[in-house]
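Asker: Got a structure for you, questions after.
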Amino acid sequence: MARDYAARCPRSPGRNAWMVATLIILAAQGVVAQKVRVEEELEAYPTESVDLRCEFVDGGSLTKLTQVSWIWEPVDGQRDNIAVYHPTYGQSFPNVAFRDRVIFLQNNLRIPSIRIKDLRMSDAGRYTCEYATYPSGNEQGTTTLIMLAKPKNSAKAVTVQAGSKSVMVAHCEAADGKPAATIKWLASVGGNHSTSSTNGPDGTVTVRSEYRLVPTAEDNGREVTCLVDQKTQDRPWTEVLKLSVEYPPTVTIDGYDHNWYVGRSDAVLFCHATANPEPTTITWTTASGSLPDTVVVEQNKLTVRKVDDAVNTTFTCEVKNKHGASRKTLTTFVIEEKREPVQEQQTGALVGGVLGTIIFIGIIIGIVFLIRKYQQDTEGPPKHKPPPPVKAGSSTEMMLDEDATDALNGGAPPVLNKDGSDGHHGNDSSNHGPSSGNIPRGESFVSTPMYV
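So the sequence shown is residues -33 to -1, 1 to 419, counted in mature numbering (1 follows the signal peptide of the UniProt record, and there is no 0).
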């Protein structure tokens, strides 16, 4: 639609002329604004000095300079002249607050730069270098001065008592800083923090942060860290704090070895207590109230010089600090004879060694069994079964002998002599066949035939 409208309503030559004129006026204003050259923005710190530079750039025109003035416009307040320079009448400093702190760097109307010494936070604002000229009138340029302030950082742990309510255990502060600082916490304990800020009359800001938790005895001595970050600091400021949580004593008794036999000397008990603050008193008593004559107490140590039936009792240790008292009891038993300590560690080591050896042997046997079983499975059963051994004089032997004889004769019956013999002579070994010992294994499992 916009394109259609533009096509139906073309721009007139008069409208174009007005646009060109507007651009020329704006450009002229920019040139005029650039006649006074200043720095757009500066940053400074209290007690330091700052130079506000100003220069009139004529550009070859015939502008006549009459005088120059520096005008200060605070963040909240009215404009006021702080320095004036006239080529005939000289320098003037009408503002009392700046009179002893402002100077012209040189007596030059075209470069009327000034220096402000001993800066204050209240000096922040806009500083305008303004020329009275002829014939164009006043020309000016403005510099904004930003005052920065390094915060005064501090952090502290607060001593609290263990309880069931959330309380402040540490606080951190960045005072009188500009711009305002940022505070963070690093902590391994469970807790939370809250932050507030207060504006000062000179533009500074004080930031305060509180770290809160429900304190317990275990929190005593734990660490939290405060980090303050602010523009004027090269790196965050840090402070490590140790929490201080006070609590009543917790008591334990040790040293009793269950071997208080009659006649034993220097049997000892110790009373230990954890508390904050430290315990103020430690008291030993027995079930009957007073301690036996053979007992000596030195602070938390109770010593029985010689064990007898009098120490066959219950001992009580009571510990106090400003938050309360706690006690612990221990009953001791006196025996007739000394008990020899059982070498539990050596016995345990011996049993462990035996068990380890048995397990090792079992593993070796299992491995050997598996190897042999594997070999048997891979070799397989024999392809033929050998015949059982033949007993001498048995019928089986006779049958085998006959078969063997037939085999030797080519399967024909033996040839008999006239006397009915078979041509062999009794038991002559020369007439016997080859020895069975000379027959190779595998040719026959039958013994050598016997001729009768």
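Glycine included, each C-beta is placed from N, C-alpha and C at the ideal position.
Cβ of A137 within 7 Å of Cβ of Q197?
Answerer: no
Asker: Under DSSP, the beta strand (DSSP E) around G104 begins and ends at which residues?
Answerer: G104 to M114
Asker: On the premise that P244 lies in contact with N288, defined as a C-beta separation below 8 Å, what is that separation, rounded to the nearest angstrom?
Answerer: The distance from the Cβ of N288 to that of P244 is about 6 Å, consistent with a contact at the 8 Å cut-off.
Asker: Spell out a yes or no on whether the segment 252 to 266 and the segment 171 to 191 are touching, meaning 3 or more CB-CB pairs, one atom from each, closer than 8 Å.
Answerer: no
Asker: Could you please give the first and the last residue of the uninterrupted beta strand (DSSP E) stretch that includes D186?
Answerer: That residue, D186, is in no beta strand (DSSP E); it is neither H nor E in DSSP.
Asker: Out of T199, H160, G108 and W251, which one is the CA nearest neighbour of K119?
Answerer: T199
Asker: Give the secondary structure of residue 421 by DSSP, where H, G and I count as helix, E and B as strand, and everything else as coil.
Answerer: For residue 421 there is no data in the structure shown, the boundaries of the chain being -33 and 419.
Asker: DSSP state of L317, grouped into three classes?
Answerer: In the structure shown, L317 sits in a helix (DSSP, three-state: H, G or I).
Asker: Let me confirm a value: K145 is counted as buried when at least 16 other C-beta atoms fall within 10 Å, else exposed. Which label applies?
Answerer: With 16 or more Cβ atoms within 10 Å of its Cβ, K145 is classed as buried.
Asker: Does DSSP put V278 in a helix, a strand or coil?
Answerer: Reduced to three states, the DSSP call for V278 is helix.
Asker: Nearest-angstrom Cα distance between L194 and V127?
Answerer: 22 Å
Asker: Ends of the beta strand (DSSP E) at R272?
Answerer: K268 to K273
Asker: Let me make sure I understand the geometry here. Which of N279, H225, T283 and N226 has the alpha-carbon closest to that of I249?
Answerer: Of N279, H225, T283 and N226, the residue nearest in Cα terms is T283.
Asker: In the DSSP output, which residue or residues are listed as bridge partners for R4?
Answerer: E22
Asker: At the level of alpha carbons, what is the spacing between S257 and L236?
Answerer: Across the structure, S257 and L236 are spaced so that their CA atoms are roughly 16 Å apart.
Asker: Select from G329, M114, L322 and G130 the residue whose C-alpha is nearest the C-alpha of V212.
Answerer: G130
Asker: Answer yes or no: do S161 and E177 have a C-beta to C-beta separation smaller than 7 Å?
Answerer: With a cutoff of 7 Å on beta-carbon distance, S161 and E177 are scored as near each other.
Asker: Note down the Cα distance separating K2 from V17, rounded to an integer number of angstroms.
Answerer: 23 Å
Asker: Is it buried or exposed, F336, if we count other Cβ atoms within 10 angstroms and call 16 or more buried?
Answerer: Classification for F336: exposed.
Asker: Starting from R175, trace the beta strand (DSSP E) in both directions and tell me its first and last residue.
Answerer: V172 to L180
Asker: Can you give the Cα-Cα distance for N267 and H225, rounded to whole angstroms?
Answerer: Computed Cα separation, rounded: 20 Å.
Asker: Count the other C-beta atoms from every protein chain shown that fall within 10 angstroms of the C-beta of P79, then say buried if there are 16 or more, exposed otherwise.
Answerer: buried
Asker: Residues in the same chain with beta-carbon distance under 6 Å from P61, minus the five sequence neighbours each way, listed in chain order, please.
Answerer: Excluding positions up to five away in sequence, the list reads N48.
Asker: In this structure, does DSSP put F65 in helix, strand or coil?
Answerer: Residue state, collapsed to three classes: coil.
Asker: List the DSSP bridge partners of A142.
Answerer: K119
Asker: Going straight from the alpha carbon of G320 to that of T183, what length do you get?
Answerer: Cα atoms of G320 and T183: separation of roughly 47 Å, rounded to the nearest angstrom.
Asker: Output the boundary residues of the beta strand (DSSP E) element that contains F237.
Answerer: S232 to N243
Asker: May I ask which residues mark the beginning and end of the beta strand (DSSP E) holding Q34?
Answerer: K31 to P41
Asker: Does DSSP put K305 in a helix, a strand or coil?
Answerer: For K305, the three-state secondary structure derived from DSSP is coil.
Asker: Report the residue from S36, D25 and V207 whose alpha carbon sits nearest the alpha carbon of S155.
Answerer: Residue V207 is the option with its Cα nearest to S155.
Asker: Determine, using beta carbons only, whether L112 and P13 come nearer to each other than 7 Å.
Answerer: no
Asker: If you drop the 5 nearest sequence neighbours on each side, which residues of the same chain put their C-beta closer than 6 Å to that of N279?
Answerer: V301
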